[in-house]
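Asker: For the numbering used here, add 135 to where a residue sits in the sequence shown, where the first one is 1. Glycine included, C-beta positions come from ideal geometry on N, C-alpha and C. The structure under discussion is supplied below as structure tokens; questions concerning it will follow.
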Amino acid sequence: MASAAHEQWQSRAGFLLAALGSAVGLGNLWRFSYVVGENGGGAFLLVYLLMVLLVGVPLLLAEFALGRNARSESLGAVALAAPARPWRYLGLVGLAVAVVVLAYYAVIAGWVFKYFALYLVGTPERLTGPGPAAAFAAHIAHPTEPVAWQALGLALCMAIVGRGVHKGIEKTSLVLMPALAVLLLALALYSSTLPGFAESMAFLFAPDWSALAQPRVYLAALGQAFFSVGLAMGVMITYGSYIAPSVPLPRAAVTVALGDTLFALVAGLVIFPAVFSFGADPAQGPGLAFVVLPEVFAQMRGGRAVGTLFFLLLSIAALTSMVSLLEVPVAWMVRRHGLSRWQASVGCAAGLLLLGLPASLGFGPLKAVTLAGRNLLDAMDYLAVDLLLPLNGLLLALLVGWVWPRRTAVQATGLPAGAGRLWHAALRWLLPLVLAAVLASTLA
Ligand code: TRP
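This is how it looks when you write it as structure tokens:
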């Protein structure tokens, strides 16, 4: 399974920042803020933290362990842990989800790049002149321009992934992730001076206990935790396969999951004070970043600079996550089909552009096409994130909890015996239960 040429991260920091780069993405900035907004703020946050700790960390550790143990990308790693017939194909589900998510993720990233470019060249009026909602609608409805931005994002990822794990992904993460942290902190400092800061602290951190009685809050929290930490798509298995034997995996899993959560919280402290200071509605849904914020920036002192930095932040976060998703099919094609990294990167990026085309055109020329009442991008998001992600998470937990020999599994995590038993019990009982409940209620 492991090839002699299987690459490795050259430093622990490089690996941690690459994994954090995968985890921190549009999910933390764009998705987290509107999901928190829609689900009542503080109470949601509590459930979210629980989901990250009880479900996210054990599964992330399992993925790292599967990958490092096999020293193979996700499909090979799954097949090595569970060689029997139906299980060995489980990696395919993860690969499929990664491909579908990246296809439409690149469309949204394209919108982000365009907004960044408009702020940078100093024409953000184009985002608010006709009203921010109308400007956003007009941009995403354009038949060709969003596709060009989408292609640009995929081309950048292709260039990074094509250079290899160390020279491409690791080196890029070592530069971009610290930049991301600095940008986020600078924006948070600025936000803390806004009049709406106290209100947004209350919104984010004061629990509204009544929300805990609503099943949809748990669903939203689990879905968001999976998406944000980046689980169940083969990404962390693949990244895990490049980890050196000396790195303690449990600590890495906790660092990545909590680091990702910290980024999301600070992002909330950037976004909500702006929203509240200008009397906007936090429960706006997916348009929060593209519609509400440009309007806020237009009214804010120094708004153009803040807008430029904000969309730069979003662009970087999106890029490093896209890189990790692209690595999944690329690593598979390199191992399985003997392609060179460059061949695989170019081929995958081109295929992903085609696959994402309907998601982009669904707002313009293909507007009339809907699937179960959803536009094409939302349909892909629903299929991948609401259905396939929990399904794949469930199957992965079953595989590690029941099929992969327990002793090998615990040994691969590097946990001491007692903690290892707890971890294994979580994968065997707790995760399948939670995930099956979530799937059942999504389907119902
Ligand atoms: N975690 C990223 C985000 O928050 C998106 C992402 C990257 C992802 N890799 C993933 C989501 C794997 C699910 C699974 O935007």
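Given H472, which residues of its chain have a CB within under 7 Å of its CB, disregarding the five upstream and five downstream residues?
Answerer: none
Asker: Examine the ligand TRP and report whether any of its heavy atoms sits within less than 6 Å of the Cβ of M368.
Answerer: yes
Asker: Using only CA atoms, which one of F332, V463, P218, P267 lies nearest to L366?
Answerer: V463
Asker: What does a CB cutoff of less than 7 Å around A341 pick up in its chain, not counting 5 residues either side in sequence?
Answerer: Taking C-beta separations shorter than 7 Å and ignoring five residues to either side along the sequence, the partners of A341 in its chain run G177, following chain order.
Asker: Mapping the DSSP letters down to three states, classify R509 as helix, strand or coil.
Answerer: DSSP places R509 in strand when its eight states are reduced to three.
Asker: Under the rule that 16 or more other beta-carbon atoms within 10 Å means buried, what is W284, buried or exposed?
Answerer: Under this definition W284 is a buried residue.
Asker: Taking the beta carbon of R203 as the centre, do at least 16 other beta carbons fall within 10 Å, making it buried, or is it exposed?
Answerer: buried
Asker: So, W165 versus A424, is the Cβ gap smaller than 7 Å?
Answerer: One thing to note: W165 has its Cβ within 7 Å of the Cβ of A424.
Asker: Return the residue from the list A321, L339, S157 that minimises the CA-CA distance to S168.
Answerer: L339
Asker: Using CA atoms only, rank isn't needed, just tell me which of N174, V236, M186 is closest to L393.
Answerer: M186
Asker: For the alpha helix (DSSP H) that contains Y224, what are its first and last residues?
Answerer: Run containing Y224: none; DSSP gives neither H nor E here.
Asker: Assuming A233 contacts V370 (C-beta within less than 8 Å), just tell me the rounded distance between them.
Answerer: 6 Å
Asker: In three-state DSSP terms, what is F362?
Answerer: DSSP, read as helix, strand or coil, puts F362 in helix.
Asker: In chain order, what residues of the same chain have a beta carbon less than 6 Å from the beta carbon of F413, not counting five sequence neighbours either side?
Answerer: Contacts found: V431, Q434.
Asker: Could you tell me the distance, in whole angstroms, from the CA atom of G172 to the CA atom of A212?
Answerer: 38 Å
Asker: Rounding to the nearest angstrom, what Cα-Cα distance links A148 and L309 in this structure?
Answerer: 8 Å
Asker: Excluding the five sequence neighbours on either side, which residues of its own chain have a C-beta within less than 7 Å of the C-beta of L196, listed in chain order?
Answerer: L384, P385, A388, T548, W558
Asker: Over what stretch of residues does the alpha helix (DSSP H) that includes F398 continue unbroken?
Answerer: 384-412
Asker: Among Q419, P218, L566, which has the Cα closest to the Cα of G175?
Answerer: Q419
Asker: Following the continuous alpha helix (DSSP H) through G191, name the residue where it begins and the one where it ends.
Answerer: Element bounds for G191: n/a, residue is neither H nor E.
Asker: Does the beta-carbon of F398, which I'm using as the reference point, lie nearer than 6 Å to any heavy atom of the ligand TRP?
Answerer: No.
Asker: Would you say the beta carbon of G162 comes nearer than 6 Å to a heavy atom of the ligand COA?
Answerer: Among the ligands in the structure shown, the ligand COA does not appear; only the ligand TRP can be found there.
Asker: Is the beta carbon of R439 sitting closer than 7 Å to the one on P551?
Answerer: In this structure, P551 does not lie closer than 7 Å to R439 by Cβ.
Asker: Using a Cβ distance threshold of 8 Å, determine whether the stretch 300-307 contacts the stretch 481-495, with at least three qualifying pairs required.
Answerer: no
Asker: By Cβ distance below 6 Å, which residues in the same chain neighbour Y250 in space, the five residues on each side in sequence not counted?
Answerer: F446
Asker: For G98 and V382, what's the separation of their Cα atoms in angstroms?
Answerer: This structure cannot speak to residue 98, because the chain is shown only from 136 to 579.
Asker: Only counting the same chain, and skipping five residues up and downstream in sequence, which positions put a Cβ closer than 7 Å to that of A360?
Answerer: Y183, M186, V187, V190, G191
Asker: How many whole angstroms separate the CB atoms of A158 and S363, which I take to be in contact at a CB cut-off of 8 Å?
Answerer: 7 Å between Cβ atoms; contact.
Asker: Tell whether a beta-carbon distance below 7 Å holds between L311 and T455.
Answerer: Going by beta carbons, L311 and T455 fall inside the 7 Å limit.
Asker: By Cβ distance below 7 Å, which residues in the same chain neighbour V469 in space, the five residues on each side in sequence not counted?
Answerer: R476, A479
Asker: With three or more C-beta pairs closer than 8 Å as the rule, is the stretch 322-331 touching the stretch 390-410?
Answerer: yes
Asker: Less than 7 Å separating the beta-carbons of V573 and L357?
Answerer: yes
Asker: By the DSSP assignment, the alpha helix (DSSP H) with M457 in it spans what residues?
Answerer: 438-472
Asker: Report the rounded CA-to-CA distance for T443 versus F199, giving the unit in angstroms.
Answerer: 36 Å
Asker: Check whether the Cβ atoms of E142 and T373 sit closer than 7 Å, and answer yes or no.
Answerer: no
Asker: Check whether the Cβ atoms of V391 and A154 lie closer than 7 Å to each other.
Answerer: yes
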